[in-house]
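Shown next, in structure tokens, is the structure this report addresses.
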Amino acid sequence: MKSTISFLICILWVTTTLFAQQKAAFQLIPLGVKGGIDETNLSAYLVAPTGTNDFISLDAGTLHYGIEKAIENKAFNISAKQVLREYIKGYFISHAHLDHVSGLIINSPADSSKTVYATKKCMTMMQDHYFNGETWANFGDEGPGFQIKRYHFQTLNHQQEIPVTNTDMFVTAFPLSHVSPFESTAFLVRYHEDYLLYLGDTGPDAIENSNDLKQLWTVVSPLIKTKKLRAMFIEVSFPNEQANTALYGHLTPNWFYKELKNLQKLTGKNALHGFKTIITHQKPPVENMVKIKTQLHDQNDLGLDLIFPEQGVKLEL
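Shown next as structure tokens:
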């Protein structure tokens with residue numbers, strides 16, 4: 004009996020060690036990590052397969068300043084112009100709020116030809132209100148005004164995987180609710196058999212009167228159980244003191260853990276232990292951001308590996 008128990012303990016130790024030593028599949032360079040008023044540090048995350056420079060940008064709130072910070076931190080050893088024009092192969096826009104697209108708009112005159120990916124509602128908003136020949140030149144190949152055709156505007160269908168142009172990655176879009184009925188997007192990025200999940204702004208299902216997160220958890224839970232989902236980016240914008248009536252389609256630590264416990268019901272009790280969870284979109288002031296971080300750590304009975312990304316600091320996932 005003792006030998007059987009010892010054997011099982013050994014197998015568990017080896018399995019845990021292998022997962023802990025899992026070779027990185029992706030590299031992440033955050034160009035902007037905050038929500039709110041700091042226009043130099045708004046949601047934008049460069050992701051590429053490890054060992055390549057084929058990056059996609061998950062949202063594009065801040066680009067140029069974030070690239071400069073990444074160069075300062077030795078994440079890149081080339082010019083900001085080269086990173087923008089040569090390394091970034093495309094943009095995935097979760098929704099058309101300015102804190103997620105302003106970098107894309109402002110940098111478009113200096114950019115190279117590439118693809119902008121978004122769902123139909125998001126793409127229509129960008130074409131009607133930004134790239135319309137009036138608010139800003141239309142750098143796309145669709146929509147109103149003279150089409151400069153620097154960007155190819157590619158509309159994503161929900162739950163349909165497509166290849167990402169000029170990379171070896173694939174992406175699938177899922178709907179999120181960000182003050183119902185306004186739609187945001189989650190992107191499931193795949194490279195071979197490894198995945199990353201990026202959620203744009205989202206409120207909890209209970210507040211949004213939605214099943215969007217529940218449906219997303221159903222899709223990704225098998226990937227967590229098999230250790231194929233390397234990490235998840237998810238927003239926590241406000242501390243717990245924020246009233247439910249003033250969430251504006253965002254999460255607090257309390258609501259974050261309520262949603263993650265719904266995910267845990269699908270993955271099993273221990274599957275989320277050590278799962279890399281990247282916290283995005285914390286809103287200033289600084290004292291609120293400190294509260295968010297403290298509250299997330301204090302309530303972490305799931306054993307998540309909570310990651311608070313820093314602008315320009317490279318991570319491997």
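In this text, residue positions in the sequence shown follow this note's numbering: the first is 4, and each later residue adds one. Don't be surprised by glycine CBs; every beta carbon is placed ideally from N, CA and C.
Which first and last residues belong to the beta strand (DSSP E) in which residue i is found?
{"i": "Ile282", "result": "Lys279 to Thr283"}
{"i": "His155", "result": "Tyr154 to Leu159"}
{"i": "Glu211", "result": "Careful: Glu211 lies outside any beta strand (DSSP E), inside the alpha helix (DSSP H) at Asp208 to Glu211."}
{"i": "Pro178", "result": "Met172 to Ser180"}
{"i": "Glu290", "result": "That residue, Glu290, is in no beta strand (DSSP E); its alpha helix (DSSP H) goes Val289 to Asp301."}
{"i": "Asp62", "result": "First-last for Asp62: undefined, no H or E at that position."}
{"i": "Thr221", "result": "No beta strand (DSSP E) holds Thr221; the alpha helix (DSSP H) holding it covers Asp215 to Lys228."}
{"i": "Leu309", "result": "Asp308 to Ile310"}
{"i": "Pro52", "result": "Ala47 to Pro52"}
{"i": "Tyr194", "result": "Glu186 to Tyr194"}
Can you give me the C-alpha to C-alpha distance between residue i and residue j, rounded to a whole angstrom?
{"i": "Phe259", "j": "Phe29", "result": "25 Å"}
{"i": "Pro242", "j": "Gln150", "result": "43 Å"}
{"i": "Lys272", "j": "Thr280", "result": "16 Å"}
{"i": "Trp16", "j": "Leu309", "result": "Residue placement at Trp16 cannot be trusted, given a pLDDT of 48 that sits under 50; what the coordinates show is reported in the next sentence. Near 23 Å, if we compare the C-alpha coordinates of Leu309 and Trp16."}
{"i": "Leu31", "j": "Ala78", "result": "10 Å"}
{"i": "His155", "j": "Leu232", "result": "29 Å"}
{"i": "Arg88", "j": "Asp197", "result": "27 Å"}
{"i": "Thr118", "j": "Val239", "result": "29 Å"}
{"i": "Ser180", "j": "Thr122", "result": "13 Å"}
{"i": "Glu262", "j": "His276", "result": "15 Å"}
{"i": "Gly252", "j": "Glu186", "result": "10 Å"}
{"i": "Pro86", "j": "Thr175", "result": "Note on residue identity: the sequence assigns Val, not Pro, to residue 86. Rounded to the nearest angstrom, the two C-alpha atoms are 25 Å apart."}
{"i": "Lys217", "j": "Leu305", "result": "18 Å"}
{"i": "Val293", "j": "Phe311", "result": "11 Å"}
{"i": "Thr270", "j": "Ala234", "result": "15 Å"}
{"i": "Pro288", "j": "Lys84", "result": "32 Å"}
{"i": "Ile81", "j": "Val222", "result": "39 Å"}
{"i": "His195", "j": "Arg153", "result": "29 Å"}
{"i": "Lys268", "j": "Asp215", "result": "16 Å"}
{"i": "Asn141", "j": "Val36", "result": "27 Å"}
{"i": "Lys230", "j": "Met126", "result": "33 Å"}
{"i": "Gly136", "j": "Gln130", "result": "9 Å"}
{"i": "Ala27", "j": "Pro112", "result": "34 Å"}
{"i": "Asn303", "j": "Thr297", "result": "10 Å"}
{"i": "Asn247", "j": "Ser116", "result": "42 Å"}
{"i": "His67", "j": "Phe134", "result": "19 Å"}
{"i": "Ala63", "j": "Asn291", "result": "24 Å"}
{"i": "Arg193", "j": "Leu320", "result": "13 Å"}
{"i": "Trp139", "j": "Lys264", "result": "43 Å"}
If residue i sits next to residue j, beta carbons under 8 Å apart, how far is it from one beta carbon to the other, in whole angstroms?
{"i": "Leu254", "j": "Gly206", "result": "7 Å"}
{"i": "Ala189", "j": "Leu200", "result": "7 Å"}
{"i": "Phe236", "j": "Leu202", "result": "6 Å"}
{"i": "Leu219", "j": "Pro256", "result": "Incorrect: roughly 19 Å between the Cβ atoms, too far for contact."}
{"i": "Leu107", "j": "Ile70", "result": "Actually they do not touch by this definition, with Cβ atoms about 13 Å apart."}
{"i": "Lys286", "j": "Gly38", "result": "4 Å"}
{"i": "Asp204", "j": "Ser60", "result": "Not really, about 16 Å apart at Cβ, beyond 8 Å."}
{"i": "Asn44", "j": "Gln314", "result": "5 Å"}
{"i": "Pro178", "j": "His161", "result": "6 Å"}
{"i": "Tyr90", "j": "Tyr120", "result": "With 8 Å as the limit, Tyr90 and Tyr120 do not qualify as a contact, their Cβ atoms being about 17 Å apart."}
{"i": "Ser183", "j": "Glu145", "result": "Not quite, the Cβ-Cβ distance comes to about 27 Å (not below 8 Å), so this is no contact."}
Which residues mark the beginning and the end of the alpha helix (DSSP H) in which residue i is found?
{"i": "Ile109", "result": "Leu101 to Asn110"}
{"i": "Glu71", "result": "His67 to Glu75"}
{"i": "Met251", "result": "Contrary to the premise, residue 251 reads as Tyr rather than Met in this sequence. First-last for Tyr251: undefined, no H or E at that position."}
{"i": "Ile91", "result": "Counting along the chain, Ile91 falls outside any alpha helix (DSSP H), though it belongs to the beta strand (DSSP E) covering Ile91 to Phe95."}
Which residue or residues does DSSP assign as beta-bridge partners of residue i?
{"i": "Thr122", "result": "Leu159"}
{"i": "Met235", "result": "Leu200 and Thr280"}
{"i": "Glu319", "result": "Gln30"}
{"i": "Asn141", "result": "Gln150"}
{"i": "Val86", "result": "Beta-bridge pairing links Val86 to no other residue."}
{"i": "Gly35", "result": "Ala47"}
{"i": "Phe324", "result": "With the chain running from 4 to 320 in the structure shown, residue 324 is simply not present."}
{"i": "Ile165", "result": "Val174"}
{"i": "Lys272", "result": "Partner(s): none; Lys272 has no beta bridge."}
{"i": "Lys117", "result": "Tyr154"}
Could you check whether the region 103 to 113 touches the region 50 to 57, counting it as contact only if at least three pairs of C-beta atoms, one from each stretch, sit closer than 8 Å? no
Three CB pairs or more closer than 8 Å across the region 161 to 170 and the region 70 to 89: no
Are there three or more Cβ pairs, one per stretch, closer than 8 Å when the region 275 to 293 is compared with the region 39 to 54? yes
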